[in-house]
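By the count of this note's numbering, the sequence shown reaches residue 121 at its end, each step adding exactly one. No residue lacks a Cβ here, since even glycine has one placed at the ideal position from N, Cα and C. Since the structure is predicted, the reported quantities are computational estimates derived from the model, not experimental observations. Written below as structure tokens is the structure these notes are about.
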Amino acid sequence: MGAVGSTSEVTGITGYAGGKDNGGSVCYDNYGKKGHTEVVFMRVPRDKLPSIAQAAWSGLFNDGERQDLANKGSPYRAAIGFRGGKFGSPELAKVFDDVAGGQASLEAGSGNEEDTLKQ
Numbered sequence: 003m004g005a006v007g008s009t010s011e012v013t014g015i016t017g018y019a020g021g022k023d024n025g026g027s028v029c030y031d032n033y034g035k036k037g038h039t040e041v042v043f044m045r046v047p048r049d050k051l052p053s054i055a056q057a058a059w060s061g062l063f064n065d066g067e068r069q070d071l072a073n074k075g076s077p078y079r080a081a082i083g084f085r086g087g088k089f090g091s092p093e094l095a096k097v098f099d100d101v102a103g104g105q106a107s108l109e110a111g112s113g114n115e116e117d118t119l120k121q
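Set out below in structure tokens:
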């Protein structure tokens, strides 16, 4: 991993996002109850996005089936954020649609969603 702010390397920060309850602290023991999911912020150079997306998809899923069966449900739902949202970054959203090969679709979220894989 590169240093935060580097434009030539992939960087990441972990946390919780996607819930509507933002009051008080959000931490490991209550994020699911507040409607959040585990997330990793990554700054990825645009030319690396297809290979990063492919690596993530193939590492997490096999023929569309989640490999980690213990971590399921709303607190572990898939979440991807783009600057401007799905509709503000259609070229980025298309990369993920292409990688998923019809096994998943990218949907705009509003918070507190269920696990999109229904597992």
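Burial is judged here by how many other beta carbons sit within 10 angstroms of a residue's own beta carbon; Thr16 has fewer than 16 and is exposed. In the structure shown, the three-state DSSP call for Phe84 is coil. Excluding its 5 nearest sequence neighbours in each direction, Ala110 has C-beta neighbours in its own chain below 8 angstroms: Gly87, Lys88 and Phe89, listed in chain order. When only Cα atoms are considered, Val41 and Glu67 end up about 20 angstroms apart. Ser76 sits away from Asp23, with the two beta carbons spaced by 9 angstroms or more.
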